[in-house]
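Residue numbers (the working numbering), protein chains in the order written: chain A, 240 to 674; chain B, 240 to 674. A quick write-up on the structure given underneath.
See the structure below:
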């Protein structure tokens, strides 16, 4: 129980009035650690914050100012529940880069793609319905699924992402048990947290399995344009307009502070998403939408994404090099883009138990247990290379290696962690910088 | 079924996969009419759009530009799930004008106060739980309650708002029937749509009834600072910090395009709201919050609200004068602030049935049936005086009077509307401009 500014702790007089879904909401155990991790002396390899110093702030300031001065009575007014037509047209153009042919009328603009995921879940999931998700999966998605009392069934991955045979097996097993599967949630490119990417053939195989089983695919693709070498693998949505809901975002390719994401959905589903969004926020921010629209019109936005890509490549190289140098007893994925690598530590070490000791040593990461609904992940951790400079990344990995060496020493003396190796139970709501 | 841009109409292949809550979501019958109502030749007395021409756009453009240029890497980054501390401190100052003593730590910043209402409902309401609400009540609130499958029980109002005796009676009746009441939803000042205001003693009486019955009060107060004469009635929240969730917004006192609202809640509830908000949007827009913060710091914002007040007073006067002149066979409430008056038409006329004929005559309003969950309101309509100029308002009322005269003539010839006088059934999701 947190302390109240009025003094002391106290019981919750409204505890008995909460909805059933609310009893699953709990404060993340890592939230307090994140407050520590955000101190400047700590190297945070934990957050998913983009490297905004790469943006042309002077240009953004100017287009925003011009927008308010010339069109303020529109930009600061209520808007359309589905999103401004100008924004939706530009989103259709952005998606064309990923081979998606979508009409602006099929786009629903949302408060970040997190809200799109919330709306999709709200529209489809009754308590105890099953959502299929990769093992591991994005912590913010797990939070949404849990808040609607879904059952998350993790499907194993390999270096090419979700394994088709494992998907087929999971569907058959769940259906044999009489479970109702609502959709597959997948991050096909530069997976969060696993750092792997589904090749085109893998995408086709996954889609084929879902189609033949009548299961909707929810494709979450915030990182798709952030390949280090600039290649863009066509989105799953590019292969099927009726069986895939695509979620996109400007948070990683431009900036998260506007909170503008979107969903592209089959037509009838799109209508439900708009109605659900109107009930939950009336309409997305016109100021944010038109600021982004003005930027996209004024700037070489694809070139600017290229600047991001090179910066992230340099940072990823720094991280993988430092891991090779300082933590050879671990293994890790080798991302071709995006923000993250997924590290497996030696047997006997628990990354959740180790985290307080890491933050004491002034380095932070996210334990793998955050990315599972079922308590797996104790031997993994997610390391982000998006935000700190290459030098800081190398320093962070050095510190982490020191913590790990001490853990290994302790294990050799006293044996592996006991309690922490058992199931970790619930996944908690994410701190925002886990995005 | 709307037609698809790809051609023709088609069935929804995912119909069988929707959650139970989704089957209650339906397109508003008035949405098509709103598209018509937004044509420039139509005088819209329907929307709740503030009069943004009154804002100093040059100043807003400058503070926004300075913000991005000087603090862009913060303003465009992810933020705190609860809202930026600078914004929460200023919100506490804004609320002090309404006699609310709240700590910034008790404030949760949301995507408009609509999201705050969504979060409160999500946290408290299980299907079939009861929400008490005024008769009539804000259409956007009814949408939220419905989307969580709540049962809305309307409690009658008089010229001073919600009637305490009726509230006591409703609580006793519902509890005798074994129903679980989750909260009272009330708009105490310049009610939407009724245009009436609870005097201080009425607020105290309502709070007392809720306290003694252990029922939470959700006080929605977007218009509280928009009294024509500048008086501010203390909020219900100012009398009780533990039994009231207060919802506030910058949409009416500044501008809705930022989508910044907030909730102030008892401490334990506040924590649940933050967790629910993190699951649904990660964090509110930092760009929006810091733009508003910069404006509040740079400008005499309370003086600016005074400019709004005078403009709305002039428009309200124009509307009430025109009603007196052209529609003496109707009755209406006499607002002391806010955006709306609530008009009752002669017996035999149905405002929902009349609406298409009104839009044909180039004037739009919202039928009273939108503001009830139970099909009442056929003899009422909400007229907004916030957006059109006084001259346009007078012209709109003249047109409406003409439509009404023809309806009366038809009734004298053929008798009252038949079908339309029966229960209207469901309230639909709102168009955004119904706010």
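Glycine included, C-beta positions come from ideal geometry on N, C-alpha and C. On a predicted model such as this, the values are computed, not experimentally measured, just so you know.
Beta-carbon neighbours of residue i, restricted to chain A and to distances below 7 angstroms
| i | result |
| --- | --- |
| residue 284 of chain B | In chain order: nothing, as chain A lies at least about 16 angstroms away. |
| residue 578 of chain B | Simply none; closest approach about 12 angstroms. |
| residue 307 of chain B | 296, 299, 300, 303 |
| residue 288 of chain B | 316, 317 |
Residue environment, residue i, which counts as buried when at least 16 other CB atoms sit within 10 Å
| i | result |
| --- | --- |
| residue 254 of chain B | exposed |
| residue 576 of chain B | buried |
| residue 671 of chain B | With a pLDDT of 41 at residue 671 of chain B, under the threshold of 50, the modelled position of that residue is not reliable, and the figure given next carries that caveat. Buried, since its Cβ has 16 or more Cβ neighbours within 10 Å. |
| residue 654 of chain B | exposed |
| residue 451 of chain A | exposed |
| residue 368 of chain A | buried |
| residue 570 of chain A | exposed |
| residue 495 of chain A | buried |
| residue 438 of chain B | exposed |
| residue 274 of chain B | exposed |
| residue 199 of chain A | The requested residue 199 of chain A does not occur in the structure, where chain A is confined to residues 240 to 674. |
| residue 292 of chain A | exposed |
| residue 635 of chain B | buried |
| residue 278 of chain A | exposed |
For residue i, three-class secondary structure by DSSP
| i | result |
| --- | --- |
| residue 290 of chain B | coil |
| residue 280 of chain B | coil |
| residue 389 of chain A | coil |
| residue 492 of chain A | coil |
| residue 421 of chain A | strand |
| residue 447 of chain A | helix |
| residue 453 of chain A | coil |
| residue 400 of chain B | strand |
| residue 409 of chain A | helix |
| residue 644 of chain A | helix |
| residue 339 of chain A | coil |
| residue 250 of chain B | coil |
| residue 307 of chain A | helix |
| residue 558 of chain A | helix |
| residue 256 of chain A | helix |
| residue 655 of chain A | coil |
| residue 630 of chain B | helix |
| residue 587 of chain B | coil |
| residue 356 of chain B | helix |
Paired residues, beta bridge with residue i - DSSP
| i | result |
| --- | --- |
| residue 262 of chain B | BP columns for residue 262 of chain B are empty, so no partner. |
| residue 596 of chain A | Looking at the DSSP assignment, residue 596 of chain A forms no beta bridge with any residue, so it has no partner. |
| residue 501 of chain B | B:348, B:487 |
| residue 606 of chain A | A:620 |
| residue 694 of chain B | With chain B covering only 240 through 674, there is no way to say anything about residue 694 of chain B. |
| residue 369 of chain A | A:390, A:420 |
| residue 395 of chain A | A:374 |
| residue 579 of chain B | B:623 |
| residue 571 of chain A | A:582 |
| residue 458 of chain B | B:425, B:485 |
| residue 466 of chain B | B:576 |
Listed by chain order, chain A residues near residue i by CB distance under 9 angstroms
| i | result |
| --- | --- |
| residue 413 of chain B | Within chain A, no residue comes near residue 413 of chain B; the closest Cβ sits about 15 angstroms away, beyond 9 angstroms. |
| residue 214 of chain B | Because chain B is modelled from 240 through 674, residue 214 of chain B falls outside the range shown and cannot be assessed. |
| residue 527 of chain B | 496, 497, 498, 524, 526, 527 |
Interface partners of residue i on chain B, CB under 9 angstroms
| i | result |
| --- | --- |
| residue 540 of chain A | The premise fails here: residue 540 of chain A is roughly 14 angstroms from chain B at the closest Cβ pair, so nothing lies under 9 angstroms. |
| residue 363 of chain A | 253, 256, 257, 258, 261 |
| residue 523 of chain A | 350, 498 |
| residue 357 of chain A | 518, 519, 520 |
Under 8 angstroms by beta carbon: chain D residues contacting residue i
| i | result |
| --- | --- |
| residue 325 of chain A | The question asks about chain D, but that chain is absent: this structure's protein chains are A and B. |
Neighbouring residues, chain A, relative to residue i (Cβ below 8 angstroms)
| i | result |
| --- | --- |
| residue 329 of chain B | By Cβ distance, chain A contributes nothing, its closest Cβ being about 17 angstroms from residue 329 of chain B, past 8 angstroms. |
| residue 455 of chain B | 253, 256 |
Within chain B, the residues that residue i reaches when beta carbons sit closer than 7 angstroms
| i | result |
| --- | --- |
| residue 354 of chain A | 519, 520 |
| residue 379 of chain A | 521 |
| residue 627 of chain A | Under the 7 angstroms cutoff, chain B gives no residues; its nearest Cβ is about 14 angstroms from residue 627 of chain A. |
| residue 421 of chain A | 256 |
| residue 481 of chain A | 252 |
Contacts of residue i in chain B (Cβ-Cβ under 8 angstroms)
| i | result |
| --- | --- |
| residue 505 of chain A | 251, 252, 253 |
| residue 311 of chain A | 291, 294, 296, 299, 300 |
Complete alpha helix (DSSP H) runs within the region 506 to 532 of chain B (minimum length 4 residues, chain order)
Runs found: 506 to 520.
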